[in-house]
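In case it helps, the working numbering puts the sequence shown at residues 163 to 631. Read through the structure below, which is laid out as structure tokens, and then see the notes.
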Amino acid sequence: MRTVRRFGRLDALRHLMALLGRPSSMQRKLPVSILAILSGLAVAVAIVANEPEPSELAQNSPQQPTLLRPAAEPPTNSLALPLTKISVEAAPPKIIVRNVEIAQGDTLMSVMMRNGCDRPTAHAAITALSKSYDPRRVRPGQALTLLFDPQKQNTEGRLALIQLAFVPSVEQEIQVSLNNNGGFKSETVDKLLAVRLHRAEGVIDDSLYLAAKRVGVPAPVIVNLIRIYSFDVDFQRDIRPGDHFEVLFEAFYDERGDFAKYGDIQYAKLHVRKTNLPLYRFVMQDGEPDYFNNDGHSVRKALMKTPVDGARLTSRFGRRKHPILGYKKMHRGIDFGAPRGTPVMAAGNGTVEVAGWNSNYGRYLRIRHNGRYKTAYGHLAKFQRGVRKGKRVHQGQIVAFVGSSGRSTGPHLHYEILVNNRRINPLRLKLPSGKKLKGVELARFREVRGETSRIYAASPAMTRLAQNR
Numbered sequence: 163m164r165t166v167r168r169f170g171r172l173d174a175l176r177h178l179m180a181l182l183g184r185p186s187s188m189q190r191k192l193p194v195s196i197l198a199i200l201s202g203l204a205v206a207v208a209i210v211a212n213e214p215e216p217s218e219l220a221q222n223s224p225q226q227p228t229l230l231r232p233a234a235e236p237p238t239n240s241l242a243l244p245l246t247k248i249s250v251e252a253a254p255p256k257i258i259v260r261n262v263e264i265a266q267g268d269t270l271m272s273v274m275m276r277n278g279c280d281r282p283t284a285h286a287a288i289t290a291l292s293k294s295y296d297p298r299r300v301r302p303g304q305a306l307t308l309l310f311d312p313q314k315q316n317t318e319g320r321l322a323l324i325q326l327a328f329v330p331s332v333e334q335e336i337q338v339s340l341n342n343n344g345g346f347k348s349e350t351v352d353k354l355l356a357v358r359l360h361r362a363e364g365v366i367d368d369s370l371y372l373a374a375k376r377v378g379v380p381a382p383v384i385v386n387l388i389r390i391y392s393f394d395v396d397f398q399r400d401i402r403p404g405d406h407f408e409v410l411f412e413a414f415y416d417e418r419g420d421f422a423k424y425g426d427i428q429y430a431k432l433h434v435r436k437t438n439l440p441l442y443r444f445v446m447q448d449g450e451p452d453y454f455n456n457d458g459h460s461v462r463k464a465l466m467k468t469p470v471d472g473a474r475l476t477s478r479f480g481r482r483k484h485p486i487l488g489y490k491k492m493h494r495g496i497d498f499g500a501p502r503g504t505p506v507m508a509a510g511n512g513t514v515e516v517a518g519w520n521s522n523y524g525r526y527l528r529i530r531h532n533g534r535y536k537t538a539y540g541h542l543a544k545f546q547r548g549v550r551k552g553k554r555v556h557q558g559q560i561v562a563f564v565g566s567s568g569r570s571t572g573p574h575l576h577y578e579i580l581v582n583n584r585r586i587n588p589l590r591l592k593l594p595s596g597k598k599l600k601g602v603e604l605a606r607f608r609e610v611r612g613e614t615s616r617i618y619a620a621s622p623a624m625t626r627l628a629q630n631r
């Protein structure tokens with residue numbers, strides 16, 4: 163009985179080496195097929211034996227960096243498979259981006275259609291937008307970004323819109339994107355802004371506004387500074403050459419470090435008529451911010467002395483020669499000269515009692531602040547949108563604009579304060595003080611005051627902001 167022995171790969175190699183060591187006469191007796199197989203194995207052995215080490219590869223190819231891996235264990239009972247080609251699919255076409263700008267006379271619909279959208283798609287995107295932002299607020303100059311998918315087309319053969327995006331303010335970005343259902347959804351993305359504190363100080367030679375501008379304080383910050391002190395300071399009579407000011411205010415910057423907007427004044431001090439008037443911003447327990455002096459008294463009073471920024475006092479309360487009628491007549495208010503269109507603020511919280519035409523006063527506004535106080539504003543150019551009888555307004559809110567309506571010789575604001583329906587001299591009115599902090603709030607305010615003072619002392623005085631708006 164013949165025994166058939168199965169050869170594994172290692173057995174075949176050993177047998178091959180034994181045969182190769184025999185005399186040539188014996189080698190010839192082997193079948194040709196076996197010799198062919200064994201020859202192939204011999205070549206494989208020779209290739210493996212001559213393969214260079216990883217260290218040799220690294221030395222012989224110094225310009226070709228090589229990843230060195232741990233040597234693998236010799237395979238046993240394994241089968242060598244032929245190499246297969248790996249097909250690499252072509253990358254999909256890139257998203258098409260179109261950056262456009264709203265021009266005069268454009269609508270959001272017309273711009274979108276002009277840049278590739280069909281009307282139904284544009285209408286669907288605008289409808290989704292209206293849930294988070296009023297499309298009518300998009301103004302000329304607004305930049306838009308439209309994203310299209312080149313692989314998808316609508317029934318008209320136009321590219322498929324996948325996103326509409328724009329930045330309505332430095333703090334927000336609006337994105338209208340295609341959802342999984344084929345419709346659009348709107349999302350408001352808050353942008354990250356970094357805040358920096360800037361310190362400025364200077365001597366007043368003429369006016370606070372000009373003195374602050376000279377040392378680089380931006381106009382919006384100066385206007386806010388004047389507004390904060392308008393309860394205590396008459397900027398027409400109280401300011402003298404040699405007085406000085408200090409201010410610490412916020413400025414916000416985007417992720418690239420570019421200027422975005424101005425923030426709140428954190429601290430200010432006016433030295434007027436040999437008196438220091440420091441004020442600190444403090445957020446109370448109810449979340450409302452206000453400005454307080456060193457003792458924790460709020461600067462805010464029942465009524466503002468000056469309801470218009472940067473105006474000059476042109477006519478006082480009392481008897482005077484009327485500029486139009488030519489004879490002496492009682493002037494039961496004070497006049498502030500200011501350019502046409504200058505904003506007029508509500509002197510205090512209250513309800514609009516009258517907003518309309520009133521004979522010689524022209525366009526006239528009267529606000530009832532409580533059961534005792536009222537304020538009136540005459541010769542207005544127009545009312546702020548939404549200001550009408552019965553409307554609730556807040557102190558400092560813009561309610562109208564300076565004009566010259568009625569019996570008037572030029573743009574100015576006629577301002578009256580009525581106490582128990584009797585008109586009195588606004589410049590002589592002693593107004594009640596605002597809130598006085600107590601207890602826990604006073605202790606917390608003192609901590610904020612101390613920290614703010616330390617920050618101010620450690621901050622270098624500014625020369626001029628790069629973005630001075």
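C-beta atoms are modelled at their ideal positions from N, C-alpha and C, and glycine is treated no differently.
- Query: Does DSSP put A265 in a helix, in a strand, or in coil?
  - Reply: coil
Note to self: Which of the three DSSP states is assigned to M507 in this structure?
What the structure shows: strand
*asked:* Please report the straight-line C-alpha distance between R435 and H406, rounded to a whole angstrom.
replied: 10 Å
Quiz item: Looking only at its own chain, which residues have a Cβ that is under 6 Å from the Cβ of R611, when we skip the five neighbours before and after it?
Solution: The beta carbon of R611 is closer than 6 Å to those of Y442 in its chain, skipping five residues each way along the sequence.
Residue-chain proximity (G601, chain B), Cβ-Cβ < 8 Å:
The structure shown has no chain B; it contains just one protein chain.
Judging by CA-CA distance, which residue of E363, N386, P382 is the nearest neighbour of R376? E363
Between which two residues does the beta strand (DSSP E) containing N438 stretch?
-> 437-445
*Proximal residues to G568 (C-beta, below 6 Å), its chain only, five neighbours per side dropped*: Answer for G568: N522, Y523, G524, H541, listed in chain order.
Q | Extent of the continuous alpha helix (DSSP H) to which P282 belongs | A | 281-291
Please name the residue in S392, F393, F444 whose C-alpha comes closest to that of E613.
F444
Quiz item: Along the chain, where does the alpha helix (DSSP H) that runs through P382 open and close?
Solution: 381-391
*asked:* Since D426 and E408 should fall inside the 8 Å C-beta cutoff, what is the C-beta to C-beta distance between them, to a whole number of angstroms?
replied: Incorrect: roughly 16 Å between the Cβ atoms, too far for contact.
Could you say which of P501, D396, G552 lies nearest to S566 if we only look at CA atoms?
Considering only P501, D396, G552, the residue with the shortest C-alpha distance to S566 is P501.
| task | May I ask you to report which of helix, strand or coil DSSP gives F397? | result | coil
* Asked: According to the neighbour-count rule (16 or more other Cβ atoms, all chains shown, within 10 Å of its Cβ), is P302 buried or exposed?
  -> exposed
Notebook entry, point to check: Rounded to the nearest angstrom, how far is the Cβ of V259 from that of T307, given a contact under 8 Å?
Noted result: 7 Å
Quiz item: Beta-carbon separation of H576 and G495 under 8 Å?
Solution: yes
In angstroms with no decimal places, state the Cα-to-Cα distance between A430 and V461. 12 Å
Would you kindly work out how many angstroms separate the C-alpha atoms of Y371 and G503, rounded to a whole number? 19 Å
**Prompt:** V377 lies in the alpha helix (DSSP H); which residues open and close that run?
**Reply:** First-last for V377: undefined, no H or E at that position.
Hey, out of A381, P573, L355, whose CA is closest to D420's CA?
-> L355
Roughly how many whole angstroms lie between the Cα atoms of K644 and S392? Any answer about residue 644 is impossible in this case: the structure gives the chain only from 163 up to 631.
key: Which of helix, strand or coil DSSP assigns to V273   = helix
* State the start and end residues of the unbroken alpha helix (DSSP H) segment that holds R616. => Note, R616: alpha helix (DSSP H), 601-620.
Bridge-paired residues (DSSP) for T350: Beta-bridge pairing links T350 to I336.
Q) For the beta strand (DSSP E) that I324 lies in, which residues bound it at each end? A) Unbroken beta strand (DSSP E) run through I324: 321-331.
Assumed close pair D396, L589 - CB separation to whole angstroms, cut-off 8 Å
Going by Cβ atoms, the distance from D396 to L589 rounds to 7 Å, so yes, they are a contact pair.
Original post:
What three-state label does DSSP hand A373 in the structure shown?
Top reply: helix
Review point. Taking all protein chains shown into account, do 16 or more other C-beta atoms lie within 10 angstroms of the C-beta of N386, making it buried, or fewer, making it exposed?
Key: buried
Below 8 Å, can you find three or more Cβ-Cβ pairs linking the segment 506-519 to the segment 530-541?
Judged by Cβ distances under 8 Å, the segment 506-519 makes contact with the segment 530-541, as three or more pairs qualify.
Secondary structure of S521, DSSP reduced to three states: helix
query = Under a three-way DSSP split, which group does L117 fall into?
reply = The requested residue 117 is not part of the displayed model; the chain covers only 163 to 631.
According to DSSP, is N212 part of a helix, a strand, or is it coil? Low confidence applies to N212: its pLDDT is 45, below 50, so where it sits in the model is not reliable enough to give any reading.
Notebook entry, point to check: S477 lies in the beta strand (DSSP E); which residues open and close that run?
Noted result: 474-477
request  = Taking only heavy atoms of the ligand GDP into account, decide whether any of them is closer than 7 Å to the Cβ of Q546.
outcome  = Of the ligands one can find in the structure shown there are none, so the ligand GDP has no counterpart to examine.
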